[in-house]
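Below is one structure, written out as structure tokens; comments come after it.
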Amino acid sequence: MDLSFFIMQFLSGLTMATLLFLVASGLTLIFGVGKVFNFAHGSFYMIGAYLAYQAVSVWHANFWISVLIAALGAGVFGMFAEATFLRRIYGRAEEGGFQILLTYSFILVIDDLVKLIWGTEYKSLPRPLGFGGAVNIGGLTIPAYNLAIIAIGLVIVILAWLILSRTRSGRVARAAALDREMLGSLGINVPLTMTLVFGIATAMGGFAGALAAPLRSVSPGAGIEVIIDSLIVVVIGGMGNFWGAWLGALILGEVNAFAVSTVPDWASLFNYLVMVLTLIFKPEGLFASREIRKV
Amino acid sequence: MKHRHRIKEVGFWALFFLVFGLIPVFAKSEYHLVLANHILIWGMFAMAFNMLFGVTGMLSFGQALYYGLGAYWVGLMVKTFGEAWFLPAIGFGVLSAVLLSMLIGLLVIRVSGVYFTVLTLAFGQLAWQITFKWYHFTGGDDGIQGIMAPGILGNHIVYYCFTLLLVAVSIWILRRLVNSPLGLTLRCIRQNPDRVRFLGRRVRRNQLRIYVISSSFAALAGGLMSGVNNSIHPDMFYWTTSGEVILMGVIGGIGQFFGPFIGAAVIIIIQDVVGARTEYWSLIIGLVMMTMVLLLPRGLVGEIQAFMARFKSGAGNRG
Amino acid sequence: MQPILELDAVTKSFGGLRVTSGVSFSIEKGSISAIIGPNGAGKTTLFNQITGYLNPDHGRIVFEGEDITRLSTREIVARGMGRAFQVTSFFPEETVLDNIRVACLSRLNMTRKTMKSVSEFTDATDKAFSILESLGLDKQADRQAFELAHGDQKLLDIGIALGLEPKMLLLDEPTSGMSPEERLLTRNLIQKLWKEFNLTLLFIEHDMDTVFGIAQTVRVLQMGRLLAEGSPEEIRRNPEVITAYLGEEVL
Ligand SMILES: Nc1ncnc2c1ncn2[C@@H]1O[C@H](COP(=O)(O)OP(=O)(O)OP(=O)(O)O)[C@@H](O)[C@H]1O
Ligand SMILES: [Mg+2]
């Protein structure tokens, strides 16, 4: 394996890791802050991809504006789903199970709504203007669009870090991760916060979906593939842990990139392999923050 | 209280044998026989799933793995070695489900709650992908057709009676299990796992037990189903299969012993009415699931029971 | 004097907070004694360590001559340690009878049995009924546990522990949330159970009438430290205890 091949695969893994991170961090945000498990998170990714397709191919909008429309659309839809449906089951006995069941029903409904609107064929997008070609760095030709995604991912990680550690809302978000009820007693509007957090998280999912659309074509049912990958990411990183999601995405992205280039047919099995290994050696995830009691 | 349970139980069995025993006599076409067979097998599958979720509180999203395993044992053995292997293959399917669920169970019970659900889902999808991609061995997306049961079992009515018998025995076993000390322990685990530790019991060990038991019944269901449809398909492993069995449980009423059977009947009849697998089938079951979770969380059986209880206590107050 | 439980310099911190700080004492077999102390003194945490629910950072816990410091809850329970909880802990959807019967079945190592109905286990059932009678809950045997009054739920919690036939029983605030009349009944009941079941009994309690009424020895915990230990009379007079905890109330 020569070095340039290695670097190429590494970069392609990094691209995938960035997209995975965008989705998984939304999932982990909702779980960390709101103690809500959004099984349908991948479906918001899918909504984002379709909205971007709609904006670019039907409305002939600029690609980057389409990405923003997609994120916004997914976020609004997410807030609607939270405020209309999910909110009703908070505090119910055995809420965890009902959350999964309810968000599972979202997956099914969204899948068919997408089918109704856009049909069942695969949809794909051209790369945005100016990013169709490749950049030549030290003899390596790297697709410009991949570099753009990696750069966007970096910016978002830095922004998220700044928000979480430096701003009041970041601190509120982290406090909420500790206690939903306590926040209420501090005079914070908990229902509104939950809806907003849901909106932000689903917008991130939609954003990732839109960014991925030129790389991977999208079809109904994409939601479940994406959710499984992001779940593997959070299993590796530890649920509710932002940096864990980052590490998990990186590991999964790289493993996948190298697997795809060496054993293309069986590449997706490697995702599961990573998951199983994590489970065997560190079932609470690599970034475990909770105290594991002896049993 | 105890008396009422007795009545309910006797009532179930009487109705069960009356309805399902008479179906071969009155069924207008072979299609109705197949439909009844589906209800039996899915009903048993859903009841076994309910032991996991309703009784013990473990929401597995990967029971399709064992269902598919049971089916593929039968399909592959009949295809490779001939019809004579049909019955042994059902046995091998159950046996391999026991072994595999022990192995996977050891991994997945290390985590609980959402994690458990997610991991069972992931293992199920893994099995689906392997089946899907391993074309030479499993036939990939084509599945396997022409799976016939040997000899007299090849007759549809005989096969129906065979399933009826096995399903009845399975339900009877599950019933014993629910009322047994293990069943009680499992219900206690759902309600208060920490206290169970203070009873000197291993929570995870008991969770593993029921995971294995439930999974082996799923494999039995898969094996039986391959003889009803005479074909198998990788979708039997797919996550929507797990989702459907969950939905049956939720419709009937999670934690209600007989509920999931009724849930299975409801789903299969809806499926039949709207035309099996219409294009928008998942929209329908999505909306049904949503309605159940938001409006009828106790399931049909549970809600009816709660209504009766309210009705009775209301009458008692007035009288 | 024959000790059944010995604590030697048991220490535990949560983050920077020392919740148990070098606690040592030993408890005589067959005795009944109390632990008192202000809220947050670390009483429940101490019980958690004795029962293996938490691991101490340092120190040793010895039960009947055996070091149980690192054993799991399950193993400690199997050696005869029972516990009832401050936040009442039982199985809300099961009947009162089954709540106790499951403990009796566990004691008999029968919880693995799958093909016989629980009611066919006559040993466990009889035992459960006799415990219900001792607790005065027998009339409510068929009700679901969540329907019981709070006071009865506290008794049920104790009953579950008794189903395990423990040698030693730890009770965490058995009379909390009860009316004065219920308290009196419970106090007498505890004393009765102590004799009837041949228990070594250690209880945490805020109600001073209960503490000074039935305990042979009282230990005072404050900020994780064992402040004083002695007969009820000695504790009542101890100036340190008075300033730290009892205040004017019992003078
Ligand atoms: N798992 C835990 N993690 C962190 N801190 C804890 C934990 N459990 C208890 N604490 C802290 O340890 C201290 C002692 O708690 P503990 O429950 O033992 O007090 P207590 O004496 O039983 O009080 P009370 O009379 O109110 O029941 C408290 O400050 C509590 O907040
Ligand atoms: Mg306490």
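Residue numbers (this note's numbering), protein chains in the order written: chain A, 30 to 324; chain H, -18 to 300; chain X, 26 to 276.
C-beta atoms are modelled at their ideal positions from N, C-alpha and C, and glycine is treated no differently.
Range covered by the beta strand (DSSP E) that runs through residue i
i, result
"His214(H)", "First-last for His214(H): undefined, no H or E at that position."
"Lys220(X)", "Not the beta strand (DSSP E): Lys220(X) falls in the alpha helix (DSSP H), residues 205 to 221."
"Asp33(X)", "28 to 39"
"Ile86(X)", "83 to 88"
Beta carbon of residue i nearer than 8 Å to that of residue j
i, j, result
"Val143(X)", "Phe179(H)", "no"
"Ala287(H)", "Ser196(H)", "no"
"Leu154(A)", "Ala81(A)", "yes"
"Ala251(A)", "Ala53(A)", "no"
"Ser86(A)", "Tyr151(A)", "no"
"Val282(H)", "Gly233(H)", "yes"
"Phe134(A)", "Val274(H)", "It should be noted that the sequence gives Ser, not Phe, for residue 134(A). In contact: Ser134(A) and Val274(H) (Cβ atoms closer than 8 Å)."
"Leu167(H)", "Ile152(H)", "no"
"Gly107(X)", "Ala186(X)", "yes"
"Gly77(A)", "Ala100(A)", "yes"
"Asn18(H)", "Ile235(H)", "no"
"Gln44(H)", "Val209(H)", "no"
"Leu227(X)", "Gly184(X)", "no"
"Gly67(X)", "Val35(X)", "no"
"Gly280(H)", "Ala27(H)", "no"
"Ile60(X)", "Ile229(X)", "yes"
Proximity test, residue i beta-carbon vs ligand 1 heavy atom, cut-off 7 Å
i, result
"Leu276(A)", "no"
"Ala66(X)", "yes"
"Val44(X)", "yes"
"Gly42(A)", "no"
"Phe39(X)", "yes"
"Gly62(X)", "yes"
Within chain X, partners of residue i - CB distance below 9 Å
i, result
"Gln237(H)", "Near Gln237(H) there are no residues of chain X at all, since even the closest Cβ is about 12 Å away, more than 9 Å."
"Asn173(H)", "Ser114, Phe115, Phe116, Pro117"
Residue i: contacting residues in chain H (beta-carbon distance under 8 Å)
i, result
"Phe299(A)", "Here the premise fails: no neighbours, minimum Cβ distance about 11 Å."
"Trp295(A)", "Lys114"
"Asp123(X)", "Leu165"
Proximal chain A residues relative to residue i, where beta-carbon distance stays under 8 Å
i, result
"Tyr53(H)", "Ordered by position in chain A, no residue passes the 8 Å Cβ test against Tyr53(H), which lies about 18 Å from the chain."
Residue i to residue j span [Cα, whole Å]
i, j, result
"Ala189(A)", "Phe50(X)", "52 Å"
"Pro243(A)", "Leu107(H)", "27 Å"
"Ile125(H)", "Lys114(H)", "14 Å"
"Gln165(X)", "Glu198(X)", "23 Å"
"Val247(H)", "Leu50(H)", "25 Å"
"Thr113(X)", "Glu100(X)", "22 Å"
"Thr272(H)", "Ala174(X)", "34 Å"
"Ser161(H)", "Thr70(X)", "35 Å"
"Met193(X)", "Ile52(X)", "10 Å"
"Val186(A)", "Ile192(A)", "10 Å"
"Pro5(H)", "Tyr78(X)", "58 Å"
"Tyr74(A)", "Phe50(A)", "12 Å"
"Asn218(A)", "Gly61(A)", "17 Å"
"Phe227(A)", "Ser201(X)", "41 Å"
"Pro215(H)", "Gly63(H)", "21 Å"
"Ile265(A)", "Thr307(A)", "6 Å"
Residue i: contacting residues in chain X (beta-carbon distance under 8 Å)
i, result
"Ser161(H)", "Lys138, Thr139, Met140, Lys141, Ser142, Val143"
"Cys305(H)", "Within the shown structure, residues of chain H are numbered from -18 to 300, placing residue 305(H) beyond reach of any answer."
"Arg(-13)(H)", "Going along chain X, no residue has its Cβ under 8 Å from Arg(-13)(H), so there is no contact; the nearest lies around 12 Å."
First and last residue of the uninterrupted alpha helix (DSSP H) at residue i
i, result
"Gln110(H)", "95 to 114"
"Gly167(A)", "Here Gly167(A) belongs to no alpha helix (DSSP H), and DSSP marks it neither H nor E."
"Ile235(H)", "Where Ile235(H) is concerned, there is no enclosing alpha helix (DSSP H), given that its DSSP letter is neither H nor E."
"Val92(H)", "From DSSP, Val92(H) is part of no alpha helix (DSSP H); its letter is neither H nor E."
Any chain C beta carbon closer than 8 Å to residue i
i, result
"Trp220(H)", "You won't find chain C in this structure, because its protein chains are A, H and X."
Closer than 7 Å: residue i CB and nearest ligand 2 heavy atom
i, result
"Thr69(X)", "yes"
"Asp182(X)", "no"
"Asp197(X)", "yes"
"Gln111(X)", "yes"
Cross-chain neighbours of residue i in chain H, by beta carbon under 9 Å
i, result
"Ala103(X)", "Gly181"
Within chain H, partners of residue i - CB distance below 7 Å
i, result
"Arg212(X)", "Within 7 Å Cβ-Cβ: nothing; Arg212(X) doesn't reach chain H, min ~24 Å."
Cross-chain neighbours of residue i in chain X, by beta carbon under 7 Å
i, result
"Arg178(H)", "Thr98, Arg99"
"Leu84(H)", "Residues of chain X passing the Cβ test: none, with the nearest at roughly 21 Å."
Neighbour list for residue i in chain A, Cβ cutoff strictly below 7 Å
i, result
"Val92(H)", "Pro312"
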